[in-house]
Structures are given as structure tokens and as C-alpha cells.
């Protein structure tokens with residue numbers, strides 16, 4: 003199991019839109035995330051800054067599985083106008099590097 007931290011940023015003025023879109027995610031997306039090995043995905047927002055904590059079996063495999071999944075492609079299309087830098091799942095993203103952890 004991997005725990006991955008991510009940071010994304012919203013376009014100015016899109017905070018409420020982002021919150022509204024995430025009130026309920028589509029059932030097909032939920033199923034695709036779970037099938038790709040996601041066990042938990044939590045998002046915190048501070049103004050325009052978004053912080054994600056993803057727990058999954060294999061982060062790179064999850065991204066590869068979701069890259070062309072129709073539910074995720076539609077979700078990313080819906081989110082793209084809200085994000086300062088949209089994610090097309092084409093890169094080798096590894097999340098944010100951990101600096102310290104309370105033992």
C-alpha cells in the first residue's frame with residue numbers, strides 16, 4: 003500500500019465550483035478508482051490550494067489504469083476549467099516528496 007500526497011491549485015474564483023463538483027462523484031468514477039487500487043482519496047482545500055492524500059496499491063499503476071478510463075477522462079474534462087494546471091495523466095507524477103514524519 004502506498005500513501006501519496008499531491009498538491010493542485012484552482013483557478014481564481016473557482017473554489018465554490020470545485021467544492022460543488024465534489025459533493026458527489028459519479029458512481030462510474032468511484033468504481034474506476036476502486037478497480038485501479040485506490041483505497042482512500044481525501045482532499046483538503048485552503049483557498050485555491052488543494053492537498054490530496056491518496057492511499058492505493060500502486061500509484062503509477064493506478065494512473066496508468068485511469069489514463070484512458072472513460073469515467074476518469076470525463077471527470078478530468080469536467081475539472082480542467084477549474085484547475086490552474088489540468089492533469090492529463092500522461093506524466094510520471096510521483097506526488098510530493100515526504101520530508102518528515104512523526105515516528
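Residue numbers (this note's numbering): 3 to 105. The C-beta atom is built at its ideal place from N, Cα and C for all residues, glycine as well.
>> Between which two residues does the beta strand (DSSP E) holding residue 57 run?
In response: 51 to 58
>> For residue 68 and residue 36, I'd like the C-alpha separation in whole angstroms.
In response: 10 Å
> Candidates 3, 6, 59, 50: which alpha carbon is nearest residue 16's?
Replying inline: 50
> beta strand (DSSP E) containing residue 11: first to last residue?
Replying inline: 4 to 11
> Would residue 56 be called buried (16 or more neighbouring beta carbons within 10 Å of its own) or exposed?
Replying inline: buried
>> Quick check on DSSP: helix, strand or coil for residue 101?
In response: coil
> Hey, residue 25 and residue 86: beta-carbon distance below 8 Å or not?
Replying inline: no
> Residue range of the beta strand (DSSP E) that residue 2 falls in?
Replying inline: Outside the modelled stretch of the chain, which goes from 3 to 105, sits residue 2, for which no answer is possible.
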